[in-house]
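Presented below is the structure to which this report refers.
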Amino acid sequence: MARLRTAVLISGRGSNMQALIEECNRSNSAAEIALVISNTNDAPGLSLAAEFGLNYDVIDHTDFPNREQFEEALTNRLMLSGVEFVCLAGFMRILTKKFVDRWYNKLINIHPSLLPAYPGLYTHERAISDDTKFAGCTVHYVRVGVDSGPIIIQTAIPILVNDTPETLASRVLEEEHKCYAFALREIALGNIYVEDEKVQFNGVLQPQRGVANPDSSTNTSDETGT
Ligand code: GAR
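First residue of the sequence shown: 32, per our numbering; consecutive thereafter.
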């Protein structure tokens, strides 16, 4: 069976890209990474793509007078490589309606928060400063608007008392890698589709129980004095 020709768009480190590559390198994967594109030529993820022997390219947004022309170059490059599906993996450019429409339901993104909470930048700082008890990540189809669109999967993790934005980011990142691999795998297998702007699954396991933070399952209070 032909594998889903997928591009990964990056701007930096590329750890989510690597998770997608590793997913596609599984022997029975229904997706393949046909191309990696970065919008900056100093993205560390580019050397990672090279190490994995992938096709990669730089389309520097600063070479273009406006967003539309940059995105037209992106689409042309994607089409030249026969790309059918696009994953944004730390790609830090806002996309116009024209690009989002061109890749409608063929464009997904990962974001390090439980959307719609904390779109944009500094998600971990904001979550800690609000003293919220859970953080997490979201993979979603891309619509116009920063970090918006139908949600495919989310993973929640507790924010720990001593968490800093850095410690939290690194625990969320581990979950990002699993979520993104899952999303691409299920999409490539044809198990996910969008109906009325909601993501539907063919066969999916859902957790039946909640998790509390702080843990409410053990009673640590001193009951002897009452
Ligand atoms: C990831 O945490 C990703 O969720 C985030 O950028 C980081 C990229 O890391 N993306 C966004 O914030 C998108 N709004 P990576 O280059 O190692 O994958």
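For glycine and all other residues, C-beta sits at the position ideal for the given N, C-alpha and C.
Limits of the unbroken alpha helix (DSSP H) element including residue i
i	result
S208	It is worth fixing the name first, because residue 208 is His in this sequence and not Ser. Unbroken alpha helix (DSSP H) run through H208: P196 to A219.
F101	R98 to L111
S78	G76 to E82
Per-residue burial, residue i [other beta carbons within 10 Å of its own, 16 or more giving buried]
i	result
M48	buried
S201	exposed
D30	Nothing in the structure corresponds to residue 30, since the chain is present only between 32 and 257.
T257	Model confidence at T257 stands at a pLDDT of 48, short of 50, so the residue's coordinates are unreliable; what they give is reported in the following sentence. By the neighbour-count rule (16 or more Cβ atoms within 10 Å), T257 is not buried but exposed.
I125	exposed
D178	buried
Y87	buried
T249	exposed
V192	exposed
Contact under 7 Å by Cβ, residue i with residue j
i	j	result
V203	A120	no
P143	T154	yes
S69	I41	yes
H173	L215	Checking the displayed sequence, the identity of residue 173 turns out to be Val instead of His. Not a contact, by the Cβ cut-off of 7 Å.
Span of the beta strand (DSSP E), counted from its first residue to its last, around residue i
i	result
K229	K229 to F232
H171	F165 to Y172
Q185	I182 to P189
V235	From DSSP, V235 is part of no beta strand (DSSP E); its letter is neither H nor E.
L146	Here L146 belongs to no beta strand (DSSP E), and DSSP marks it neither H nor E.
E226	I223 to E226
A62	A62 to S69
Residue i Cβ short of 6 Å to ligand 1 heavy atom set
i	result
I141	yes
G113	no
G43	yes
A120	yes
N193	no
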